[in-house]
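Heads up: the structure comes next, in structure tokens.
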Amino acid sequence: MTTGRPLDILMDSLNKSVVVRLKGGREFYGELKGYDIHMNLVLDNVDEKKDGESVRKYSSLILRGDNVVYVSPRPDSE
238 MTTGRPLDIL MDSLNKSVVV RLKGGREFYG ELKGYDIHMN LVLDNVDEKK DGESVRKYSS
298 LILRGDNVVY VSPRPDSE
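In our numbering, the protein residues as written are 238 to 315.
Structure below.
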């Protein structure tokens, strides 16, 4: 497992598929296109899921860092 500072890990994840979980249990699967020091995230080609079920698709999405629980590489992107 890679360890390091959170922003360094986000830098390594740019232009890769990630899973972002928000407070409340919503998950977003998409390609990380950008971030800032507050962990606000920009994702492209996003699939929103709740309880494992696809809810909605977005071409681009900005997620507020205050709501992010975790960001993880997408299991099928290896």
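Note that CB positions come from ideal geometry on N, CA and C, so glycine has one too.
- For S250, is the classification buried or exposed, using 16 other Cβ atoms within 10 angstroms of its Cβ as the cut-off for buried? buried
- Hey, V279 and E285 are a contact pair by Cβ (cut 8 Å); roughly how many whole angstroms apart? About 15 Å; that fails the 8 Å criterion.
- Task: Can you give me the Cβ contacts of E315 inside the same chain, cut-off strictly under 6 Å, excluding the 5 residues immediately before and after it?
- Result: Summary for E315: the model assigns pLDDT 47, below 50, so the residue's position carries little reliability; its value from the coordinates is reported in the next sentence. Result list for E315: empty, nothing under 6 Å.
- Measure the alpha-carbon distance for M248 versus Y295 and round it to whole angstroms. 22 Å
- Query: Quick one, are the C-beta atoms of R311 and V255 less than 9 Å apart?
  - Reply: yes
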